[in-house]
Every structure is written in C-alpha cells, then in structure tokens.
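To start, the structure under review is shown below, and the notes come after it.
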Amino acid sequence: MKLLIVEDEPELAAGMSSYLRGQHYVCELATTFDQAQEMMLLYDYDCILLDLTLPGGDGLALLRELKAQRPEAGVIITSARNAVDDRIAGLHLGADDYLPKPFHLPELSARVAAIVRRRRYNGANLVSVGELQVDVAARVATLQGQPLNLTRTELNLLLLLLANQGRVISKGAIAEHLSGNDAEQFDTYETVYAHVKNLKRKLTEGGAPNYIRMVYGLGYRFDPDLA
Amino acid sequence: MKLLTRTTLIFLLYASVVAGAGTLVYYGLIHKLYYAYVDRTLSRRKLRVQKAMRLYLHRPADLAYWHQLDHNVEFVPLPALPPRRADQLRVRLMHNELTGKSQPYRQLSSAVLFQGRPYELQIRVSLFDTQQLLLRIVLAGGLLFGLLVLGLFGLQFVLNRRLWQPFYALLEQLQRYKLNRNEPVTLPATSIREFQELQEAVQLLLRQNQHVYRQQKEFTENAAHEIQTPLAVLRTQLDLLVQAPGLTEEQAGHIEAIMGVTQRLTHLTKSLLLLAQLDNQLFFPAETVDVASILRTQLAHLQPQVAGRGITLEIDIAASVPLQIHRGLLEVLISNLLVNAIRHNVAQGHLLVRLTPEALTVENTGQEQSLQEAGLFHRFHKASDSSSEGVGLGLTLVQQICTNCGLPLRYSYVAPGRHRQQVLLL
Chain E
186 MKLLIVEDEP ELAAGMSSYL RGQHYVCELA TTFDQAQEMM LLYDYDCILL DLTLPGGDGL
246 ALLRELKAQR PEAGVIITSA RNAVDDRIAG LHLGADDYLP KPFHLPELSA RVAAIVRRRR
306 YNGANLVSVG ELQVDVAARV ATLQGQPLNL TRTELNLLLL LLANQGRVIS KGAIAEHLSG
366 NDAEQFDTYE TVYAHVKNLK RKLTEGGAPN YIRMVYGLGY RFDPDLA
Chain L
10 MKLLTRTTLI FLLYASVVAG AGTLVYYGLI HKLYYAYVDR TLSRRKLRVQ KAMRLYLHRP
70 ADLAYWHQLD HNVEFVPLPA LPPRRADQLR VRLMHNELTG KSQPYRQLSS AVLFQGRPYE
130 LQIRVSLFDT QQLLLRIVLA GGLLFGLLVL GLFGLQFVLN RRLWQPFYAL LEQLQRYKLN
190 RNEPVTLPAT SIREFQELQE AVQLLLRQNQ HVYRQQKEFT ENAAHEIQTP LAVLRTQLDL
250 LVQAPGLTEE QAGHIEAIMG VTQRLTHLTK SLLLLAQLDN QLFFPAETVD VASILRTQLA
310 HLQPQVAGRG ITLEIDIAAS VPLQIHRGLL EVLISNLLVN AIRHNVAQGH LLVRLTPEAL
370 TVENTGQEQS LQEAGLFHRF HKASDSSSEG VGLGLTLVQQ ICTNCGLPLR YSYVAPGRHR
430 QQVLLL
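Structure follows, in structure tokens:
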C-alpha cells in the first residue's frame, strides 16, 4: 500500500514516514507544492497526507486539482491551521479526513488504515487478527464467531490498537482518540485505564489471548504474535 | 446628574433670583415715584389752601365748614405756635365712614396762622386705590419677568438639547462599541468645533486601539500557530521514541513526563487558537445537533473520572434536544463545562447534569465560596482549590462560545459549596 506524505517540515515528514513504514506502508515524500502536484497526478496512491501550508501554494488548491482528476483518491488533510473553515472547506472539497496538528502517530495510522480499508475493500470492511474480527462498517467485533459486547468507546479503542499492532500507543494518544481532539483533557488517565481494563477483560473472557500489554506506564501495545 | 439638567438648574436658580430681586426693586422704584408725585400734589394743594385762607376764609367756622365739605382738608387748632419747621409728610391710617374700615392716607401737615391763631393744616390723599394700582403694576411686572425667565428657560433647554445632540450620539455609539466587533463608529455631522475635535480624537483613539488589538490578536494567533508545527514534531518523535526496544523503566519515566507536558502544551495552544478564532469570527456555520446525544457521549467518556473521585452523578437529560449550532464548538462547550465541574468538585461530592429543551444545567459541589468575584471567566484564571491541572482557559472558552453562539450563560452560587453553570438554549 502506497502513501504520499505532503509535508514541508522535514523532521515531521521523516517521523511520519518512519512510523508508517513500520506499519508496512510504502511512503513517498513531497516537500513543495510543485513536487506534490507532480507526484499526486502521476502516481496512484492509496492515501495522500496533505499539509495545507506549503512552500509554493495552498494545499486546498492542490486538493481541488487532485479531486478534479482523480475523484477516488483518498486524502487526509494534516494542517496546523486548525481553522474551522479549513476543516469544512477541506472536507467539502472531497478530503476524507482532517487531522489537525499536532497529532499522535498512532492516530494518524488509524486514520490512514480506515481510508485504505474503505478504498481497498469497499463493502467488506473487516479487520482481523487471529480469531478476532471487527466489522468496522457494522461496528461489531466477534471472537471465534461469537459477538463481543463492546461499548462504542471500547470498539474505538480496539480499532486504534488494531491499526497500530506491535506498536506502543501512548496514554495521551489513546485519551485523545477516545475523547476527541478538541475536548478538555484531564492530566490523569483514569479514562484510558478504565476502558483498556474493560476491553482486556472482555477479550480474555471471550477466550482471546492477552493481546494488550501495558508498557511501563507509558502506554499500551497490541501484540498479535502472542496468539 | 445630566449635563442639561445641571445647566438648566443653575440657570433657573439665577433667573429666579434675578426675577425675585428685580420685582422687589421694581416695586420700590414705582413706590418711590408715586410718593414723589403724591407729595408734589399735596404741596400744591397746600399753596392753594393757604391762598384761600388769605382771600376767602374769614372765621374759624369757615375752616370747619371746609373740612365738612372736603374731609381731606382739616384744620387742627394748636395750643401754641410751634417753632418754625418744614412741612411734614407721613402716612397715617384713618377710619373711612363709607367703607367702615381703616384706610391708609398720605398726609401733609403744616403749621399755619389763621387770624393770629395757630393751626395745623392737614391735607390728605387716600392711598387705598393707589395701593391697589401699585400692586397690579408690580404684579404685571412680575408676570413679565416670569414669562421672560420661562421663555429663556425653554429656549435654552431646546437649544441645548439640539446643540448637544452630536455629543449624545457619540456617547451612545461609544457605549455600544465593542473592540472585537470591528464596527466603524459613524458620527453625525456637526458644525461645532469642539464636537468636531472630540469626534476626531475619538476616531483616532479607536483606530489606534483597533490596531493594537488586532496586532495582539494576530500575535496570539501566529504564536499559537507557529508552536503547532514544533509540537507536531515533538509529538511524532516521542511517539517513535516509545517504540524503541529495550527501554528501561527509568527512561520510560522520563519520556512519560515529557509526553505529559507536551500534551498540556498542545492543549494550551489549541485553546488559544480557538479563542483567537472565536474573537475573530462572529459566525460559525451551524447545523442541527442533538445536544442530548453529545452530552451523553461526553458523560460516558468522563465516567471513570467521576467514579475515581467518588462523585455521585445525578443525570436528568431530555431524550432529544436539537439545536442549531456548530458541532465542534458545542462539544468544546459541553466538555469544558463537565470537566470543570468534575475537576473542581470535592471528594465524594455531587454532580448534577440536567438538560431540558430550555437549558443545560451543570451543578457541582465545590469550594465554599461564591466564585462570582473570582474572575471566573478570565483567561488563565485558576481556582484556588485546583492543583496544577488545566491551563485556566476552560471557562473562558465556555463563555466565549456562549457569546458567539448567542447562548446566555449564568453562573450562580445556589447553596453553600454548590455552584451552578447554566446555558440557556432558547
């Protein structure tokens, strides 16, 4: 699966591609408006991560052009502008998602995974690990064919974990993913602990191996290899 | 006291003093003039009487007879001839047989000799009619004065009101003026120089303020914005760092601390950006949002925090409350209200969340002091009870969102240690 990262901040671009490569994506990089324009029109990408403020032009213009030529392209806008208008304009122009900076890499990975799934396997929107299967569209998780009775939050958490298998997801990233980006945050992570605990309990009660591991108090990791 | 009232009052005070004193002086003057006239008449009559005494009167009985005919001329016999002196003029009261009342008279007394015997000649003029006349004259004068004062008063009032019109128009505009609205102040044209200068000065002041305000706002916005990218780098690098195999527990502790402050910094810049945006932009695209469902979602998410503090949660939420509002703003509003009520709650406290189609009410136990005066909605205001939690922008955002969306926000201290925030939804 091929991704295009349009980002003029080198450290950020490097960080994003490093993380996403670890998730088995092929990442290409564009750092200017012209470069991005050329690449996104020449090649077919599963998902394009588009920054709005670029040297040489506005990312929204790029999006307009792209959508005129390849209406099916998957696009996530990653912007520091964080303006309500940009979000709406971006989504209106056909972007699939809007991720304001600064974001967590696991969150980015989860969003990319969602778009790739939607584009690759339209209809059958399934994620599975061993005996665990999640029907994203129907929002139902099953274990060995038996439905798990997960709450909405627990399902969201599970999807985040599944999109970042084998990676440590920090508590902050989980908290933001569960509560929404703009929500007021607590400095303590009771919410995260509680939801992870419940999810773990439901998985093990359903007969799944202990997939979810806490890593030193930093965060959690979903280890599929344990199965 | 209004300017107009004050000047009018001073004017009225002065005018009534002048009118009162003027009437008195006027009365005195008329009075004096009239007495001079009467006295001259009396003196002339005395000369005529003396002439008659020489030519036509022969016996004392004639004198009495004259008095019979004319009561105003009387000869009073004197025991001895008084020393020579000038005629005396005075006012005396005499009984009038016709009216049966005492009436004032002006009387001239002069010592005369008639056939070698001394008499006092008294010649009188009744002042009764004169006094009436005088009174009327003075009354007319007073009336004239009064009319003059009244006229001037009215004139001044109307004139002042019209003259000060540009001033009041300016004042009204300034009272309605809001720095963040960026509305121009339109002033009525005026030919009065002071007002022209005032208007110019005010315009200049407003322009300068606008400029400073805009600059400050842009600075906040740009600063917050410029921080976003380094923060994004910091976050991504941290997210990568935690993937490193073989991290020791100590290293993990350091990373956790950095992640914590990064989180706070992120939240702070986001809040600042949102505030700047709320200041800049008056209208946010609205859609129909179900307040009840957002409220339930947020409450479910905050459930662990509520339980962790042993807070008793009382919920009374209507099934569905549709509202035309920007979804993101409503989410921030509700989240901040709830988090605030949990954060500043006491252990084993109480939290009431009530949603009706009319209002969203969040009531929580907390410190035993009304927060009204505490600058509750000020930026970076921190409650005295809180630890280092929060950046102090939560309620500022709540208030700003309420202002932007036209939802009245009410804080009340309902009972000792019970605080209520209410957002009216109608």
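As they're listed, the protein sequences go chains E and L. In terms of the working numbering, the first sequence opens at residue 186 and continues consecutively. In terms of the working numbering, the second sequence opens at residue 10 and continues consecutively. Each residue gets a CB set at the ideal place from its N, CA and C atoms; glycine is no exception.
Cutoff 8 Å: residue i Cβ touching any chain L Cβ
| i | result |
| --- | --- |
| E:S202 | no |
| E:L403 | yes |
| E:T376 | yes |
| E:G242 | no |
| E:G326 | Gly is not the amino acid found at residue 326 of chain E; the sequence shown has Ala there. So no, E:A326 is outside the interface. |
| E:E194 | yes |
| E:K286 | yes |
| E:H289 | yes |
| E:V353 | yes |
| E:A274 | no |
Whole-angstrom distance between residue j and residue i, CA atom to CA atom
| i | j | result |
| --- | --- | --- |
| L:L347 | E:K382 | 23 Å |
| L:D48 | L:L117 | 8 Å |
| E:A299 | E:L214 | 21 Å |
| L:H76 | L:G150 | 39 Å |
| E:R337 | E:R324 | 8 Å |
| L:L282 | L:H234 | 7 Å |
| L:I236 | L:T278 | 7 Å |
| L:L122 | L:G155 | 54 Å |
| E:Q350 | E:L311 | 15 Å |
| E:T376 | L:L304 | 17 Å |
| L:P5 | L:G160 | Since the first residue shown for chain L is 10 and the last is 435, residue 5 of chain L is missing from the structure and cannot be characterised. |
| E:K286 | E:L343 | 23 Å |
| E:R255 | E:A360 | 35 Å |
| L:W173 | E:G275 | 54 Å |
| L:V298 | L:L240 | 32 Å |
| E:G244 | L:A350 | 40 Å |
| E:Q331 | E:Y228 | 42 Å |
Under the three-state DSSP convention, the category residue i falls into
| i | result |
| --- | --- |
| L:D138 | helix |
| L:A24 | helix |
| L:T271 | helix |
| E:P332 | strand |
| E:L284 | strand |
| L:N373 | strand |
| E:G365 | coil |
| E:T338 | helix |
| E:V314 | strand |
| L:S302 | helix |
| L:S200 | coil |
| L:P313 | helix |
| L:S397 | Because the pLDDT of L:S397 is 49, which lies under 50, any placement of that residue in the model is unreliable, and the question is left without a value. |
| L:F84 | strand |
| L:R93 | coil |
| E:G242 | strand |
| E:G404 | strand |
| L:T17 | helix |
Below-8 Å beta-carbon distance, residue i vs any chain E residue
| i | result |
| --- | --- |
| L:G319 | no |
| L:V348 | yes |
| L:H353 | no |
| L:P331 | no |
| L:Q409 | no |
| L:P366 | no |
| L:D425 | Contrary to the premise, residue 425 of chain L reads as Pro rather than Asp in this sequence. No, its Cβ sits nowhere closer than 8 Å to a Cβ of chain E. |
| L:T199 | no |
| L:T16 | no |
| L:T238 | yes |
| L:Q378 | no |
| L:H428 | no |
Residues that residue i contacts on chain B, provided the C-beta gap is smaller than 7 Å
| i | result |
| --- | --- |
| L:E203 | Among the protein chains of the structure shown, namely E and L, there is no chain B. |
Could you run through the segment 276 to 308 of chain L and flag, in chain order, every residue whose CB is less than 9 Å away from some CB of chain E? H276, T278, K279, S280, L282, L283, Q286, Q290, F293, P294, T306, Q307
Taking beta-carbon pairs under 8 Å, can you tell me which members of the segment 253 to 274 of chain L lie near chain E? L256, E258, A261, G262, I264, E265, M268, G269, T271, Q272, R273
For the segment 242 to 253 of chain L, list every residue whose C-beta sits within 8 Å of some C-beta in chain E, in sequence order. V242, L243, R244, T245, Q246, L247, D248, L249, V251, Q252
Residues in the segment 332 to 346 of chain E having any Cβ partner in chain L nearer than 9 Å: T336, R337, T338
Entirely enclosed beta strand (DSSP E) segments - the segment 107 to 161 of chain L, minimum 3 residues: 110 to 123, 126 to 135
Fully enclosed by the segment 50 to 78 of chain L, which alpha helix (DSSP H) runs are 4 residues long or longer? Counting whole runs of 4 or more residues, the segment 50 to 78 of chain L contains the alpha helix (DSSP H) stretches 69 to 78.
Closer than 9 Å between beta carbons: that is the criterion. Which residues of the segment 212 to 229 of chain L meet it against chain E? none
Using a Cβ-Cβ cut-off of less than 8 Å, give me the residues of the segment 171 to 197 of chain L that come near chain E, in sequence order. none
Counting only runs that start and end within the segment 317 to 376 of chain L, where is the beta strand (DSSP E) found for 3 or more residues in a row? 321 to 326, 331 to 334, 359 to 364, 368 to 374
In chain order, which beta strand (DSSP E) runs of at least 3 residues are fully inside the segment 399 to 424 of chain L? 418 to 424
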